[in-house]
Structures are given as structure tokens and as C-alpha cells.
Amino acid sequence: MLELLGHQILVGLFRSSYYWLIASGLTLIFGVTRVINFAHAAFFVLGGYMALTIDILTGNFWVAIAVATLSVGCIGAVVERGLVKPLYKIESLYQLLITFAVTLIINDASKLIWGAASRSMKLPAELAIPVKLAGRSYPLFFFFVITIAIIVFVALYIAMEKTFWGLKVKSTWRDITMAQALRINTGRIYTTTFFIGSLLAGFGGASMVAFTPVAPGLGDSLIITAFIIVVLAGLGNLFGAYISSIIIGIAESMFLLFTPELDILLIFVIMAAVLMVRPWGLFGER
Amino acid sequence: MAAANRRRFLGTVAAGVVGLAVGGGLGWGLRSPETKEVTVTRERTVTAGGGERTVVSTVTSTVLGPTVTVTREVTARRTLPKDTIKIGVLGIRSGPWATYGTLIEQGAVLAMEEINAAGGILGSKISLAIRDEAADVVKQARELVEAENVDFLVGVDSSGNAMRVGPIMSELNKILVVTHAATHRFTEELVYTQKIKQLFRVSVPVYQDGILAAYVAKDLPVKKWAGINPDYEYGRVSWQFFKDTLSKLRSDVEFVSEQFNKSPGTTDFSPFLSAALGAGAEGIFTVNWALEAVTMHNQMKSLGVYDQVGAVINPMGYSMDVVYELGKDYPTAKHGTWVSGRYVWFYPKTPTNERFVESFRKRWGRYPAYSSETTYTAVYMLKAAIELTGSLDLDTLIRAMEGMVVLSPAGARWIRPDDHQAIYDVPYGKVTHVGGEIPLLTDLVTRSAWEYYRSPPF
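Have a look at this one:
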């Protein structure tokens, strides 16, 4: 039984890491710019598509990840500059609408470019190496994803807490007028945040495409779980989002083992219960 | 006990006679058109009164309905009140399942091109109006009928959408021929119980996915089955049929784990697979399809599940999008990866089918997917009904289609008058790599549809 639980926790941790790669950028963008980026999961899927294409062209998975990550980051920055920026001064509903429009554009553009059928790629040989663990076999990719999730967490922590740039981001988030008075270029902070957030989405999507095929519109179902994680942690709380990714990932995995009938429902029950007790989320500030 | 046995015996004989009568109808459909009657003699072994004996039944079947063959020829020279017959096509054209809309469209377009090139239907040309059923199927169907003035509707991928659009067809008063959505409730509830006569289905219902799959499973050396199925009508019903049928066919099977994944949108199956292995599963049954079927097969391979379980059954596994996507890497289990579809391109080996596969490949560059074949057949079936009656009158056409035998690429389909469901056989087979671009199926499991289709009264 203990072994079984161990396996379930491990796959839950893998799933958490996958969720974190989507949720981290989403919550970072919201935390700083207050924009609910509905297109975030579409960027994630776009990263997968890009990696797939570059992998076909170059035959190198690592180059594919790097190029896909950067291009999605740049697309994110362009979207912010061109479409979202003009809407900062009006109601936030319009920002939500514009990012929803971006989602639709990405979905249909990917259908035009990559076709309506799902596309997948093989795990590169070096990540497909099976690792035997208590009678089961896992691809090395599992541990790779769990590790990169931790690396992303640590890197974001350092960037936010230990650098001057992080300080400027935090001051922009706390009080934008005061930050501007201190001659912080908040416009640039916003664009950079969008760039980094989209970069994370592109990176996540590019890394995961070797395990999960992509299809147009796939992001629409991923964004829901990402929102649950972000809301559970407290909107905009970057580090809380990592913990709530782990909570949701492992909870899902455990529910599947013990109450498979209710696994989809229970995630929403957890969210509702947390929000009733702490409407500002587990780690959010009141 | 004796009474129960007698009832069972009588029940079996009655079922046999009904089966033979309709089988006779099909047989009649397959023979030359000038024959009006057919005699079928078959032996059935039934268990009655504690011992086995053989019952020989002879049934003489009379004409059940008109037989039509899917051909390019125009059979008669009458004219219709309109120059163009417009067919509305509904399929999923956006989101993760968007590829299925394309498959439906390819079948419809091929049929239209062939028919128009050969002179149309009694001189009238066919035109198509294609809509995305994912953008509110009821609205799309209404617009097709009320704004675009289509004469017929074909298609519909999703079972949920079929159940939504079905009930409004009596109000719109147009024939809808469903070519993919598989819930048995469409024909059992909407047609048989609620008597919505405008609805037909030329594709197989979940009897294929759940019931026939159990016949495949019963002969496999696997006792502990786990189900990982999409969490909506199709997944739940198929799993239920599979469990019910297999428990009746074999007493030593166990269903050790049953799970339902979000669909569409499950991208990581590892917790499901881990739980199934944890429960000691020896075989996995899944009706996940499209993107999720590809994901699941790939992840079962990556996670070594294919090395730990003996067999995998995936009723939609020979859908062409999945086959082309997995291609040479389609994983195979020790006792087989058993898959099927709503039509399998190499079955049956008939000139009609070979001609269809050839034309399809020439037109679209790939082997035909099942929903392409079913939609192609639906268009030809409408053509046949119009040519037989020389009319566009709805009631006349419905009467002509009830009991019609369509000799289609997938073989002879009999449109059962009670529930407007096409009765035809589709095999299961074991995924086998023979070196081509896509795997083939071997060890085909074929059973007469009469054996595993549910029959009225439901």
C-alpha cells in the first residue's frame, strides 16, 4: 500500500510541476499588471506547436525548446505592447476580453498552420530512458519536469526577492503612482513581466509537447485548472501558486486512487471550501 | 427452474428467429435484385432443460425494403422540383476535436463531387453547407434549415450534440442522418420511444464500443480489467455495456478499477494509469478517442504500462487520425492492442469498398476515416431514396429509407425501421505493424451485428 501511495504521489508531483509551468506565468502577470491573461494557456500550447515545428526542422529537442520559449516570450511582449497596453486605463473587463480574443486568434491560427488534427512528437532518447522505481518504470522525463519546475521556482524567487529588478516590480505592484514618482519605468516593467510570463508558458508548452500532444484549442481546458491553482493560492501570489500546484496535483492523483468517481468534483470542492474560509486565497494578503 | 429454462429456451429461439428473419433480409439485400424471397437455414446450439441440443430453423423472408447500391449511376430519368439539392453538414470544426469535422466534410465532398460529375440526383445537383456544431449545434441546425434552406442534414460528431439537435428535427421537419455520434439513446429514445421519424443513423452506436468489445475481451487471457474512460455519456455508457456484457460472457473476470477522465482536456494520464496498475489491472479498456487516445497510448508506452498489462482494448483506436498520428509507434501489448472504428477501411473486401478507398485516397491522399465513409454513405442513401421515390416529400422519403438496404463501402447496411439505426458489422482487430506508414489489423474479430446490437423493444 505504501508503495502504491508513493507511486501516486510521484505522478501527482509530476502533474503539479506541469500545472506550475502554466500557473506561474499566469499569476506573475496578474500579480504585477492586474491583467487576467486568458490567453496564457494558448501561449502554452503555442510553445508546444513551435517546439514541434523546430524539432522537425532541426532534429534537436533542446534547440526546439530554446527557440520556442523565446519566440512565445516575444509574442507575449508584442501582445502586451500592441493590444493590452492601450486598455490599462479602462475597466479590467476589456483586458479580459482582449486576451480572450487573442486566445481565439491563436486557436484558429494554429488550426490554419498546423492543421486540425492533434500533433505529437516522440520523447528524445535521452529523456525516454526508463528509471525503475519500486516495480514501476518512469521515463527520465518525469524527473526532468519535476526538476525544471523547482528550478523555475527558485529562479523566480531569486529574481523577485534578491535583485533590484525584483524590487522595482514589487514597488510597481504595491503602488504604481509612487513607483512612477520614483522614476520607475512601469510601462517597461509591465512589458517585461508579460515577456517573462509568456516565456514561462512557452517553455512549459515546449517541454511538455514531448509527453502530451497538442491540438488547437487545447489551452481552453488547461486554463481552468491554472485559474483554480492561482485563485487557491491568492491571485498574484507567485510562491503560493507553487504550493497550490502541488496541493492540486497530488490531491487529484490521490482522489483518482481512492474516489475516482469524484476526482473532478473534489478539486472544485477544495477551491470552494478555501474561498469560503479565506476569500483572499491560501497565501494571499487580505 | 424448469419454467425458467423453458422461458430461456423460448426466448433464445425467438431471438434466433427474429435474427434470422432480419438476417434473411440482409441476405436478400446482398443477392441479385430480381430475387424476391430468400430462404435461410441455420443451426443454433441452445442450452435447454439442462442439456445441449441443436435447433435447426428455416426462415423464409419476404421483401424487407428496397436495396440500393452506392454507385455513380443515375437510375431513372425523372425530374425534381428544384435544380439544386442542398445538404447541411454538421461537424466539429473548432477545438481539440476539430479534425473530426474535416473527416465528415471529406466524405460529404467526395460523394457530392462524384454524384454531380455523374449527372446529379435525377438531374439536380448537390450543394453542401458546412457548419461547426461546436458553435451551438441547435443554432447552426436552425440556421441551415431556416436561412440556408437546406433539404437535408447529415453529420454530427458529438453524442451530446446529437441529443440536443435530435428533438428539434421534428419541428424543423427535415431528415437528419447522423454519421458519427454514437449514444444508443439517439435511436433508442429519440426515434424508437419518442417517434421522431426524421432521425436516422448510418454509423454504429455504442453497441460496437461496449458490447462487441466484451466479445473480444472474453477470449483474451486477461481476468482483471481496468477502465479509463472519458467522463461523459459516451465513456460511461460504453464502459457500462462492456462490464455488463463481459460479466455475462465470463464469470471469472473482475473490474478492478474504473476511472473517468475529463474530456476533452486530459493531457496527463499518469495518475489514472498508476491507479490502474496499483489495482492490479491485467487489461485496460478505454474509449478515449482523438487527441486523448493518442495521448493515452503514448503515455502508456512511456510509463511502461504496455509492458505490465496483457491487453489493451480501445474501440476508437483505429480511427484514422489516431492511426496516422501514432503510425509506426502504435504500441502493442503482449496479447494485443485491440481496436476498431465505425468502419475499417479494408473491410469488407468488396468492389464497392475498394472503389471507395481508391477514390478517397486519390481525392484526399489518405485512407478514409470512418466518419468520412459514413457521411459518404449518408449522402448516397439520400440520393437513393430520392431516386426511388422521385420526390422530395419528407414522409415519402422516410418511408423509402425505413427498411432500406444500402450496399455501402462498409458492407450491407439495413436501416432498421423501428429505430432508424443502420445494422452492419464492423470488425475489431489486433494492431500489427507490417512496415507501412500505418499499422494494419490482424486476427479480426467479426460478429454479426445481429448478435451484439440491442434490438427493440429497448
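So the sequence lines, in the order shown, correspond to chains A and B. Going by the working numbering, the first residue of the first sequence is number 2, and it counts up by one from there. Going by the working numbering, the first residue of the second sequence is number 2, and it counts up by one from there. Virtual Cβ for every residue (Gly too), placed ideally from N, Cα, C.
Is residue j closer than 8 Å to residue i when the C-beta atoms are compared?
i: B/Thr184; j: B/Val238; result: yes
i: B/Thr376; j: B/Gly156; result: yes
i: B/Glu259; j: B/Gly228; result: yes
i: B/Gly311; j: B/Glu283; result: yes
i: B/Thr188; j: B/Pro206; result: yes
i: B/Ser159; j: B/Ile93; result: yes
i: B/Asn162; j: B/Ala182; result: yes
i: A/Ser119; j: A/Ala216; result: yes
i: B/Met170; j: B/Val380; result: no
i: A/Ile30; j: A/Gly198; result: yes
i: A/Thr70; j: A/Leu200; result: yes
i: B/Ser264; j: B/Pro316; result: no
i: A/Ile107; j: A/Ala43; result: yes
i: B/Ala423; j: B/Val203; result: yes
i: B/Trp339; j: B/Val217; result: yes
i: A/Tyr19; j: A/Trp115; result: no
i: B/Leu398; j: B/Ile416; result: no
Tell me, please, which residues DSSP counts as bridged to residue i.
i: B/Arg202; result: B/Val179 and B/Gln422
i: B/Gln141; result: Bridge partners of B/Gln141: none, in fact.
i: B/Ile86; result: B/Ile127
i: B/Asn299; result: B/Asn299 is not bridged to any residue.
i: A/Ser138; result: A/Lys133
i: A/Val146; result: Answer is none; A/Val146 lacks a bridge partner.
i: B/Asp133; result: B/Gly92
i: A/Arg120; result: A/Val215
i: B/Ile122; result: B/Ser125
Report, in whole angstroms, the separation of the C-beta atoms of residue i and residue j, which I expect to be a contact under 8 Å.
i: A/Phe204; j: A/Phe142; result: That pair is no contact at about 15 Å.
i: B/Asn174; j: B/Leu383; result: 15 Å between Cβ atoms; not a contact.
i: B/Ala152; j: B/Ile88; result: Sequence check: residue 152 of chain B is Asp here, not Ala. About 7 Å separates the two Cβ atoms, so the contact holds.
i: B/Trp226; j: B/Phe256; result: 5 Å
i: B/Val427; j: B/Arg343; result: 6 Å
i: B/Ala215; j: B/Phe261; result: That belief does not hold up - the Cβ atoms of B/Ala215 and B/Phe261 are roughly 19 Å apart, past 8 Å.
i: B/Pro457; j: B/Tyr208; result: About 13 Å separates the two Cβ atoms, so there is no contact after all.
i: A/Ile10; j: A/Ile251; result: 6 Å
i: A/Leu88; j: A/Phe39; result: Wrong, their Cβ atoms sit about 13 Å apart, outside the cutoff.
Helix, strand or coil: which one does DSSP assign to residue i?
i: A/Arg189; result: helix
i: B/Trp451; result: helix
i: B/Thr61; result: Caution is warranted here: a pLDDT of 37 is assigned to B/Thr61, below 50, making its placement in the model unreliable, and no coordinate value can be reported.
i: A/Leu105; result: helix
i: B/Lys335; result: coil
i: B/Arg94; result: coil
i: B/Thr80; result: coil
i: B/Gly437; result: coil
i: B/Gly284; result: strand
i: B/Val345; result: coil
i: B/Asp322; result: helix
i: B/Val340; result: strand
i: B/Leu27; result: Reliability fails at B/Leu27, whose pLDDT of 45 lies under 50, so the model's placement of it is uncertain and the value that follows must be treated cautiously. Here B/Leu27 sits in helix by DSSP.
i: B/Leu445; result: strand
What span of residues does the alpha helix (DSSP H) with residue i cover, start to end?
i: A/Gly77; result: Phe62 to Val80
i: B/Asp253; result: That residue, B/Asp253, is in no alpha helix (DSSP H); it is neither H nor E in DSSP.
i: B/Pro458; result: It is not in any alpha helix (DSSP H) - B/Pro458 carries neither H nor E in the DSSP assignment.
i: B/Gly366; result: Counting along the chain, B/Gly366 falls outside any alpha helix (DSSP H), and DSSP gives it neither H nor E.
i: B/Asn117; result: Thr100 to Ala118
i: A/Thr28; result: Leu3 to Thr34
i: A/Ile177; result: Ile177 to Ala182
i: B/Asn162; result: Ser160 to Val166
i: A/Thr59; result: His41 to Thr59
i: A/Ile91; result: Where A/Ile91 is concerned, there is no enclosing alpha helix (DSSP H), given that its DSSP letter is neither H nor E.
i: A/Leu233; result: Gly220 to Ala234
i: B/Ala218; result: Ala214 to Lys219
i: A/Thr164; result: Counting along the chain, A/Thr164 falls outside any alpha helix (DSSP H), and DSSP gives it neither H nor E.
i: B/Glu403; result: Taken as a continuous stretch (DSSP letters only), B/Glu403 belongs to no alpha helix (DSSP H), as it is neither H nor E.
Kindly indicate the opening and closing residues of the beta strand (DSSP E) around residue i.
i: B/Lys263; result: Where B/Lys263 is concerned, there is no enclosing beta strand (DSSP E), given that its DSSP letter is neither H nor E.
i: B/Trp415; result: Gly412 to Arg417
i: A/Arg279; result: Taken as a continuous stretch (DSSP letters only), A/Arg279 belongs to no beta strand (DSSP E), as it is neither H nor E.
i: B/Tyr429; result: Tyr429 to Thr433
i: B/Pro272; result: Run containing B/Pro272: none in the beta strand (DSSP E); it sits in the alpha helix (DSSP H), Ser271 to Gly279.
i: B/Lys225; result: Lys225 to Pro231
i: B/Phe153; result: Phe153 to Gly156
i: B/Asn315; result: Ala312 to Asn315
Under 7 Å: does the beta carbon of residue i sit that close to some heavy atom of the ligand ZN?
i: A/Thr213; result: Among the components of this structure there are no ligands whatsoever, and the ligand ZN is therefore not found.
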